[in-house]
Amino acid sequence: MMKRTPLYECHLTASAKMIDFFGWEMPLHYGSQLQEHHTVRQQAGVFDVSHMTIIDCQGSKATAYLRWMLANNVDRLIPGKALYTCMLNEKGGIIDDLIVYKITEDSYRLVVNSATREKDLSWLQQHRADDAIILQERTDLAMVAIQGAQIRKKMSLLFSDSDAQAILNLKPFFAVILKDFFIARTGYTGEDGFEIILPAKKAPSFWGKIVSAGIQPCGLGARDTLRLEAGLNLYGADMDEEVSPLESNLAWTVALEPKDRQFIGRDALEQQVVKGISQKLVGLILEGPGVLRHHQKIIINNTIVGEITSGSFSPSLQKGIALARVPATIGSQCLVEIRGKQVPAHVIKPPFVQAIRH
C-alpha cells in the first residue's frame, strides 16, 4: 500500500493527477504541468514535499558526529543557518544529498530524500557510535515549499505582520522558528521561496490558507522541470553511490579545509583531486527542435562518450535541455542520439535559467 502525506485529501479535492513516487501517492499536476511551471517562474506556487524524510540529530556529540558524516563542514553553521551537502561512502560515492540546519549548539535537523529513506537511516545509525547522539525521524511533521518570483509579496497573507517580517528578513539558507513552524529560505526550483516544516495535523488548514492567498498548487512534474532549469541535481539520476561530488558538479559542497577534519569519503576525494577527474556533469542545450531524455547517448567523433542523466523540454527557454555525464575534457559542442539521429547540442555549465530574485 502506498504512503500518503497529510495533504492527500487536499490533492484529491483539487483534482490532482496522482502517481506512485517511490512508494508515495503524490500529485504529478493539477491539470497542466506547463502552466504550473510558468506560474512559479512568474508568480508563486506551492508544493507538497511532506514525503521528504526529516531527521533531528541531537546530543553533546552531534556536531562531531555530523562533522564526520557529511562532506560539507557543519562547523560553518551558526544556529538558524543551513548547508547543502552530500553524505558519502568510503569510496567518495554519494549516498544522498541533503540539507542540514543547525537549530542550537547541540541540535540539528536533516532533510533527506524520500527515495533513500531506509538507506540513509541505516547508514546514520550504523555510524552512531555513541548514545550521546540521538537520531529521531520526525514522522509527525509535514513540509510544504512555497516558491516563485512573487512569493515575498504573499507572506503577509499567511502570517502576522511581525512573523511575516521575520520571514522576509531571512537570508538564503537561513531558518527561523515561529511557534511550531520551522521556516527556511530554501527550495528546489531556482526561484526565491521558503520551505516550511509544520505539525502534520496543521498541514491541511495551512494548505488551504496558502491556496486562498492566491498561491497555486503545483505537482512533481513542474518541480522537476523547474529544478532542471536551475541545474539542480536529482538523486538517483544525476548522482548516486557510483560517482563523487567532484564528478557531479558539486565540488562546492565539499569542505577539504581544514585539513585535519576527517569525514567519510575524504581519502577518496583527495585522491581524485590529485589524479583529476575523468568525467563530469555538464548542461546541454539542444540546438534544434526535440526533447532530451534520460539515457540518450552523447557522441563525439562518431564515438559514444557519455549519456544524459536528466533531460526535458525547458518551458522557459523553449528548448531541449539536459544534464549529462561526459568526459572531463569535453569541448563546447557534442551530438546527442535521438531516435537514431545525431542532433547537435551546446555544452554549458548549469544553471540554464538564472531565476532567483532577492
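The opening residue of the sequence shown carries number 5 in my numbering; numbering runs sequentially from there.
Every residue gets a Cβ at the ideal spot worked out from N, C-alpha and C, and that includes glycine.
| Check | Outcome |
| --- | --- |
| Check each candidate in Val309, Pro176 and Gly315 and name the one with the smallest Cα separation from Gly364. | The first residue shown for the chain is 5 and the last is 362, placing residue 364 beyond what the model contains. |
| Quick check on the burial criterion: 16 or more other C-beta atoms within 10 angstroms. Buried or exposed for Trp256? | exposed |
| Please state the DSSP three-state secondary structure of Pro319. | coil |
| Fully enclosed by the region 17-66, which alpha helix (DSSP H) runs are 4 residues long or longer? | 37-46 |
| Under 8 Å, do Ser118 and Phe51 count as touching if we go by C-beta distance? | no |
| Considering only their Cβ atoms, is the gap separating Gly344 from Gly324 smaller than 8 Å? | no |
| In whole angstroms, what separates the C-alpha of Phe317 from that of Leu296? | 7 Å |
| Starting from Phe186, trace the beta strand (DSSP E) both ways and give me its first and last residue. | Phe185 to Ala188 |
| Are the beta-carbon atoms of Leu202 and Leu145 separated by less than 8 Å? | yes |
| Do Asp101 and Arg156 have their CB atoms nearer than 8 Å? | no |
| Within this structure, are the beta carbons of Met159 and Leu172 separated by less than 8 Å? | yes |
| Return yes when the Cβ of Met243 is within less than 8 Å of the Cβ of Ile352, no when it is not. | no |
| Quick one: give me the first and last residue of the alpha helix (DSSP H) that Ser216 is part of. | Ala207 to Ser216 |
| Could you work out which residue in Ile137, Val347, Tyr192 and Lys123 is closest to Leu92 when comparing CA atoms only? | Lys123 |
| How long is the line joining the alpha carbons of Asn253 and Ile281, rounded to whole angstroms? | 11 Å |
| Helix, strand or coil for Met5, going by three-state DSSP, please let me know. | coil |
| As an exercise, report each continuous alpha helix (DSSP H) stretch of at least 4 residues that is fully enclosed by the region 263-295, in chain order. | 270-279 |
| Report all residues from its chain with a CB closer than 7 Å to the CB of Arg361; omit the five preceding and five following residues, and keep chain order. | Residue placement at Arg361 is poorly supported in this model, since its pLDDT is 48, which falls under 50; the coordinates still yield a value, given next. Here the set comprises Ala153 and Asp196. |
| Identify the continuous alpha helix (DSSP H) that holds Gln129 and give its terminal residues. | Arg121 to Gln130 |
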